[in-house]
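Colleague: One structure, pasted below without further comment.
Numbering (my numbering), first residue to last: 369 to 1136.
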């Protein structure tokens, strides 16, 4: 019901009528991502450098960004489209909504950049086992007295985050007074100090207007606000009045008026028109737009203010004359622009105090002082330069908050391991079926172990406790290659799933060729690598004895054999998916576990696949050690090598796909693995199409893929090596003029030498 509620457009339409929300459109198939709750326009802009670094730090993880305002959504869509995998409106802080979103996203960590406190989001994130970090925390003068009345309620809420990183010493003291744990709360600095001014381009139409009019000076009135209480002026009125008083003395004056809120754009235009001031609206500008000076550019767009600061001679920061608490002055400071503020900078007391103390900004008592100060700064170039230079020096001296935040997120990420809490209907309907499945598996194991046999050479099993892909076949191929390099004759036993042949057993020596129909897709990958003999059949003992007669191997590799009870093994290597290690924490069909987690006690070693940093994962190792105290734990990642044309005509390095306009498809037990690999390569397909595991592709499948690709502008189809085995021989012709490329990949194992030494010591075999 909750999932239906998330997808129900009528629900989101009703919500939108009241809160401006829209239906979510993300594809949250990859667990283990990072959810950044950025909320407002300011937080969105502050998060740009953070997300850029998180993308580099966690290349395979999905990054989700939620906002609460329409303006925040617009800015996020414009600024974060290449950094975030999904942008959506934050859920209302009701338990059932927050739970539904957490079930859908399955994040490993939730990062909240917000001045407000969200009790239910905090509680449910920890209930689901997610890491929780409060970042860039700030408690304003206006909200602190109200919060202090509810310390009894806030103290247990603030004890939930793993880390609370605040902007200033003042905010640190306030969080501690409200009950935040001192050991987990610290002054991290302001993320806005890590803003990068370099590389921001002024919008083309604005640059054309400046070139055509050559104004002197350019004055920006940024983020102007309406009154907050009785007696407050409207800053648009203050700025317009100052402009009229300055115009006679500054005939080349250009004012860029930037109201803070979109709903004030039209009102500002009416005021300019009523005052008889020449102006042009930014939203209506073209490259040919003109403006007679003195005049006003009304910036009635979102997300462009930052790029406009570089054009200014003087900046007035709004929200500082009425009792609004001010806005952040760091962005114009990074451009070395002198900033004028009113008396109300309560939201940024530390910044205001430091900038005032060092003469890095100019304060005014009332709006009547504004025209005088603007003119004085324009006429005194030395003061203008010195004030701006000091501002930039102070801002740059405080850099580093983002790097410290990423280090904290990395640490909390490693200590977190979310659990899946099924919905009530799932527990009622699927729970009993999972119990039956578990009982059946246990009975089957006890029955078959009585008849287990052993082959005439050591057996290494590579398997898992979960359904779906965890990279077993690539790991088997890698291990076969390592053993081959040591001079060991190796044989791989596999069932050859989805092969289309009446033969009970198929035995192939290294270098032999065989059609996919006789081997199956995964077995074909192993065969083409050419490092091991291959035995395919349901009865692995019988197939192994045939291989022993033809190949006399030194060692057998049992592919996907952890649940093959009829064959004794010398070593059981169990693979876990680093992003979803316990497959929704439940037996099939409630989850994707084949056996209970306690089956890890039978493992000789555990290999965690898709183990992107941080390594090691503290929480995962702790959970593993609950079941097995001594088994060595290793980490591996899929290492993309090259994109290979399906017809073999060409190949490209994995980091350079054959085209930027791509679409992707795969038929894997866990398609999220391929999507994550693409994300790690910074490849963003125009669409992704998952098929059933081991799909044998028909002409109609490829024609539909080609049609969809052409409709979205894609020129190349990307897929996996396994899927390439299942394509028809004429696949390239069926999608022409599009092309299909598959990803050749290897395995990179952390502590590889240690693993191979452990393997040799356990088997007591060396190079033959």
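Cβ coordinates follow ideal geometry from the N, Cα and C atoms, glycine included.
Would you kindly work out how many angstroms separate the C-alpha atoms of residue 389 and residue 699, rounded to a whole number?
Modeller: Its pLDDT being 37, under 50, residue 389 is placed unreliably by the model, and the measurement read from it follows with that caveat. About 29 Å.
Colleague: Using only alpha-carbon positions, find the residue among 411, 1130, 537 and 1113 that is nearest to residue 845.
Modeller: 1113
Colleague: Using the three-state DSSP reduction, which class does residue 789 fall into: helix, strand or coil?
Modeller: coil
Colleague: Between the segment 487 to 494 and the segment 415 to 424, are three or more C-beta pairs nearer than 8 Å?
Modeller: Flag = no, the segment 487 to 494 and the segment 415 to 424 do not touch.
Colleague: Mind checking whether residue 485 and residue 525 have CB atoms under 8 Å apart?
Modeller: yes
Colleague: Is DSSP giving residue 1107 helix, strand or coil here?
Modeller: Residue state, collapsed to three classes: strand.
Colleague: Pull up the distance between the alpha-carbon of residue 619 and that of residue 678, whole angstroms please.
Modeller: 22 Å
Colleague: For the alpha helix (DSSP H) containing residue 635, list its first residue and its last residue.
Modeller: Taken as a continuous stretch (DSSP letters only), the alpha helix (DSSP H) holding residue 635 covers 633 to 642.
Colleague: Smallest Cα separation from residue 1064: which of 1079, 1082, 1099 and 1083?
Modeller: 1099
Colleague: Residue 1091 lies in the alpha helix (DSSP H); which residues open and close that run?
Modeller: Taken as a continuous stretch (DSSP letters only), the alpha helix (DSSP H) holding residue 1091 covers 1089 to 1093.
Colleague: Which of the three DSSP states, helix, strand or coil, is assigned to residue 380?
Modeller: Because the pLDDT at residue 380 is just 41, under 50, the model does not fix this residue reliably, and the point stays unresolved.
Colleague: Apart from the five residues on each side of it in sequence, which residues of its chain come closer than 6 Å, Cβ to Cβ, to residue 778?
Modeller: Same-chain partners within the cutoff: 982.
Colleague: Tell me whether residue 1052 sits in a helix, a strand or coil according to DSSP, three-state version.
Modeller: coil
Colleague: From what residue to what residue does the alpha helix (DSSP H) around residue 488 run?
Modeller: 487 to 495
Colleague: CB-CB under 6 Å to residue 947, same chain, minus the five flanking residues each way: which ones, in chain order?
Modeller: 399, 400 and 978
Colleague: What residue range is occupied by the uninterrupted beta strand (DSSP E) comprising residue 751?
Modeller: From DSSP, residue 751 is part of no beta strand (DSSP E) but of the alpha helix (DSSP H) over 749 to 765.
Colleague: Does the beta-carbon distance from residue 820 to residue 933 come in below 8 Å?
Modeller: yes
Colleague: Within the same chain, show all residues whose beta-carbon is closer than 6 Å to that of residue 668, passing over the 5 residues directly before and after it, in chain order.
Modeller: These residues qualify, in order along the chain: 633, 649, 650 and 651.
Colleague: In the DSSP assignment, what are the bridge partners of residue 584?
Modeller: 620
Colleague: Which two residues bound the contiguous alpha helix (DSSP H) that contains residue 827?
Modeller: Careful: residue 827 lies outside any alpha helix (DSSP H), inside the beta strand (DSSP E) at 827 to 832.
Colleague: Tell whether a beta-carbon distance below 8 Å holds between residue 630 and residue 636.
Modeller: no
Colleague: Which class does residue 950 belong to by DSSP, given the choice of helix, strand or coil?
Modeller: coil
Colleague: Any chance you could list the beta strand (DSSP E) runs of at least 3 consecutive residues sitting entirely within the segment 653 to 709, in chain order?
Modeller: 663 to 666, 682 to 685 and 707 to 709
Colleague: What residues in its chain sit with their C-beta under 8 Å from that of residue 1060, if we drop five residues either side in the sequence?
Modeller: 1035
Colleague: Kindly indicate the opening and closing residues of the alpha helix (DSSP H) around residue 1127.
Modeller: 1120 to 1131
Colleague: Ignore the nearest five residues each way along the sequence and tell me which others in residue 601's own chain have a CB closer than 7 Å to its CB.
Modeller: 595, 689, 690 and 735
Colleague: With DSSP collapsed to three states, give me the class of residue 442.
Modeller: helix
Colleague: Count the other CB atoms, across all protein chains shown, that sit within 10 Å of the CB of residue 1033; report buried if there are 16 or more and exposed otherwise.
Modeller: buried
Colleague: Quick one: what's residue 1007 bridged to in DSSP?
Modeller: Residue 1007 is bridged to 1114.
Colleague: At what residue ranges does the segment 521 to 581 contain a whole run of the beta strand (DSSP E), taking only runs of 3 or more?
Modeller: DSSP runs (the beta strand (DSSP E)) wholly in the segment 521 to 581: 531 to 534 and 553 to 555.
Colleague: Does DSSP classify residue 1044 as helix, strand or coil?
Modeller: helix
Colleague: On the criterion of 16 or more Cβ atoms from any shown chain inside 10 Å, does residue 1087 qualify as buried, or is it exposed?
Modeller: buried
Colleague: If you reduce the DSSP assignment to three classes, tell me which class residue 977 lands in.
Modeller: strand
Colleague: From this set, 546, 1093, 580 and 459, which residue's C-alpha is nearest residue 1016's C-alpha?
Modeller: 1093
Colleague: Out of curiosity, what's the CA-to-CA distance linking residue 884 and residue 892?
Modeller: 6 Å
Colleague: Here's the rule I'm using: 16 or more other beta-carbon atoms within 10 Å means buried, otherwise exposed. How should residue 465 be labelled?
Modeller: buried
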